[in-house]
Amino acid sequence: MTTEALQAPPAPTERSAGWRDVAAVIGARILARLRTMASAVRPLAWVLIGAAVGFWILGQAAGWIEFTIAAVVVAITVGVCALFLIGRTAYDVSLDLARTRVVVGERAVGGLTLANHGTRAILPSRVVLPVGSGRGEFGIQRLAPGEEAEELFAIPTQRRGVVKVGPVSVVRGDPLGLFERAHRRDEPVDLFVHPRTVLFDGQSLGYLRDLEGLPAADLSRDDVSFHALLEYQPGDDLRHVHWRSTARTGTMMVRQYEETRRSHFVIGLSRSSGDYATDDDFELGISAAGSIGLRAIRDSQRVDVRVQGRELAAGTGKQLLDSLAALEPSRPRDGGVDDLAGVVARTMPLASVVVLVCGTRVPADDLRLACSRLPFGARVIAVVADRTVSTPALRRIGDADVVTIGALEQIPLALQKVLA
Numbered sequence: 003m004t005t006e007a008l009q010a011p012p013a014p015t016e017r018s019a020g021w022r023d024v025a026a027v028i029g030a031r032i033l034a035r036l037r038t039m040a041s042a043v044r045p046l047a048w049v050l051i052g053a054a055v056g057f058w059i060l061g062q063a064a065g066w067i068e069f070t071i072a073a074v075v076v077a078i079t080v081g082v083c084a085l086f087l088i089g090r091t092a093y094d095v096s097l098d099l100a101r102t103r104v105v106v107g108e109r110a111v112g113g114l115t116l117a118n119h120g121t122r123a124i125l126p127s128r129v130v131l132p133v134g135s136g137r138g139e140f141g142i143q144r145l146a147p148g149e150e151a152e153e154l155f156a157i158p159t160q161r162r163g164v165v166k167v168g169p170v171s172v173v174r175g176d177p178l179g180l181f182e183r184a185h186r187r188d189e190p191v192d193l194f195v196h197p198r199t200v201l202f203d204g205q206s207l208g209y210l211r212d213l214e215g216l217p218a219a220d221l222s223r224d225d226v227s228f229h230a231l232l233e234y235q236p237g238d239d240l241r242h243v244h245w246r247s248t249a250r251t252g253t254m255m256v257r258q259y260e261e262t263r264r265s266h267f268v269i270g271l272s273r274s275s276g277d278y279a280t281d282d283d284f285e286l287g288i289s290a291a292g293s294i295g296l297r298a299i300r301d302s303q304r305v306d307v308r309v310q311g312r313e314l315a316a317g318t319g320k321q322l323l324d325s326l327a328a329l330e331p332s333r334p335r336d337g338g339v340d341d342l343a344g345v346v347a348r349t350m351p352l353a354s355v356v357v358l359v360c361g362t363r364v365p366a367d368d369l370r371l372a373c374s375r376l377p378f379g380a381r382v383i384a385v386v387a388d389r390t391v392s393t394p395a396l397r398r399i400g401d402a403d404v405v406t407i408g409a410l411e412q413i414p415l416a417l418q419k420v421l422a
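Residue numbers (my numbering): 3 to 422.
Next up, the structure:
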């Protein structure tokens, strides 16, 4: 007797379990298809369907032919509107922005191209393009095979932020708005609306000499990086005399050094709404931080930008402006500028220059406390944004220079007062 003959037939429980799995898969597919069909039905269509059923039942139960006719008319209307969903919407969609980064107030335009690369015509449809919190709608006429339709649109840029454009949705529906079938095409595109900044020239806001700093082009009689030997000049420090060369040449020689500078530039930007009197002051503070950060980046300094809750990417000017474009006010539990200063001191203890940016609602005592928390030896500058100020003002709070500005164009003059 063979082994196959000895094998027992499958148990009934195993067969029933297999059928249950098949039924579950089929049921899931049917349910998914029903959900897709139901998503195309608008609320008005559900109302009419319910009315048609109610009229039919009332007409049959009471024998009123008028209700029966009304039910038939409503059902025919719904059926005819459903026929508008039949048809292809297989457009090839291309969404293109002329520029993905603009400054507040600059013109931002884009183009939307829909092409029919199929072999059959595509009936008229509607295209919905979300732009930020709003959306634009375009009516697309019938496209024959090989035809294209292009629509141009403008994007509002009155406010700083990151505007999400798309994804494009192709909508097919009926004239009465009973049914609507939407198909998403393409991927959304981010438009960065950068804050306004001002370019200015001038000296750097400060360096600290450091053994591990970056070499500078300036030469010094006193530093940590040896460069060359020079003949002694009256006033040179005798500690830097190179006695071995002096004995060999018969002329007193002193060491000359190449300056090494530690240029860790840190910007602490408060995004607490409680630190600013108005939203315009908050925007002015962001613009001031961006302008000063760009100046430091052009000076080849290492720039770090810290706000409540996180550190912003600031390796390049584009990264800095992108980060500032997406900045939103923080929650009250994240603290104010004094808490931000404490975070800067803990995470960036070797900073050479720290610029704190805040608003007029920060009391002088809190600002003094914030400045005292910053890393020891760092040069501290506080920038206060106040739209009511007509000319920049400079005052001292402890060891910190505090400048108050009322407009973005006042930053160069304010920094000149600090460096004077």
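Note that CB positions come from ideal geometry on N, CA and C, so glycine has one too.
Would you kindly work out how many angstroms separate the C-alpha atoms of residue 194 and residue 168, rounded to a whole number?
Using only the alpha carbons, I get a separation of about 14 Å.
Count the other CB atoms, across all protein chains shown, that sit within 10 Å of the CB of residue 398; report buried if there are 16 or more and exposed otherwise.
Of the other Cβ atoms in all chains shown, fewer than 16 fall within 10 Å of the Cβ of residue 398; this residue is therefore exposed.
Roughly how many whole angstroms lie between the Cα atoms of residue 391 and residue 287?
Answer to the nearest angstrom: the Cα atoms are 14 Å apart.
Looking at C-alpha atoms only, which residue of 366, 299, 297 and 269 is the closest neighbour of residue 349?
Residue 269 is the option with its Cα nearest to residue 349.
Inter-stretch contact at 8 Å, needing at least 3 Cβ pairs: the region 157–165 / the region 72–89
With a cut-off of 8 Å, the region 72–89 and the region 157–165 do not count as touching, because too few Cβ pairs lie within range.
Identify whether residue 142 lies in helix, strand or coil by the three-state DSSP scheme.
Correct three-state label for residue 142: strand.
Is there contact between the region 146–158 and the region 111–129, where contact requires at least three CB pairs shorter than 8 Å?
Yes, the region 146–158 is in contact with the region 111–129.
What's the C-alpha gap between residue 369 and residue 421?
C-alpha separation (whole angstroms): 21 Å.
What residues match up with residue 384 in a beta bridge as DSSP calls it?
The partner list for residue 384 (beta bridge, DSSP) reads 358 and 404.
C-alpha distance - residue 158 paired with residue 109, whole-angstrom precision
In a straight line, the C-alpha of residue 158 is about 8 Å away from that of residue 109.
Fully enclosed by the region 105–129, which beta strand (DSSP E) runs are 3 residues long or longer?
Fully enclosed beta strand (DSSP E) runs of 3 or longer: 110–117.
Return the CA-CA distance between residue 106 and residue 409, expressed in angstroms with no decimal places.
Going from the Cα of residue 106 to the Cα of residue 409 covers about 15 Å.
For residue 270, report the span of its alpha helix (DSSP H) as first-last.
Note, residue 270: premise wrong, no alpha helix (DSSP H); beta strand (DSSP E) at 266–271.
Can you tell me where the beta strand (DSSP E) with residue 192 in it begins and where it stops?
Note, residue 192: beta strand (DSSP E), 191–196.
Report the three-state DSSP secondary structure of residue 241 (helix, strand or coil).
Helix at residue 241.
Other residues of its chain near residue 351: CB distance less than 7 Å, five sequence neighbours each side excluded
The beta carbon of residue 351 sits closer than 7 Å to those of 377, all from its chain and outside the five residues before and after it, given in chain order.
Taking DSSP's pairing of strands, which residues face residue 255 in a bridge?
233, per the DSSP bridge assignment.
Hey, out of 52, 171, 133 and 69, whose CA is closest to residue 92's CA?
Considering only alpha carbons, the answer is 171.
Take residue 143 as the anchor and find which of 23, 134, 125 and 338 has the nearest alpha-carbon.
Of 23, 134, 125 and 338, the residue nearest in Cα terms is 125.
Would you list the one or two residues that DSSP bridges to residue 399?
Its beta-bridge partners are 402.
DSSP-derived helix/strand/coil call for residue 40
Here residue 40 sits in helix by DSSP.
Do you know whose CA, among 61, 121, 155 and 202, lies nearest residue 415's CA?
Out of 61, 121, 155 and 202, 202 has the C-alpha closest to the C-alpha of residue 415.
Three-state secondary structure (DSSP) at residue 332?
Here residue 332 sits in strand by DSSP.
Would you give the residue range spanned by the beta strand (DSSP E) that residue 96 belongs to?
Annotation for residue 96: the continuous beta strand (DSSP E) segment containing it runs 94–99.
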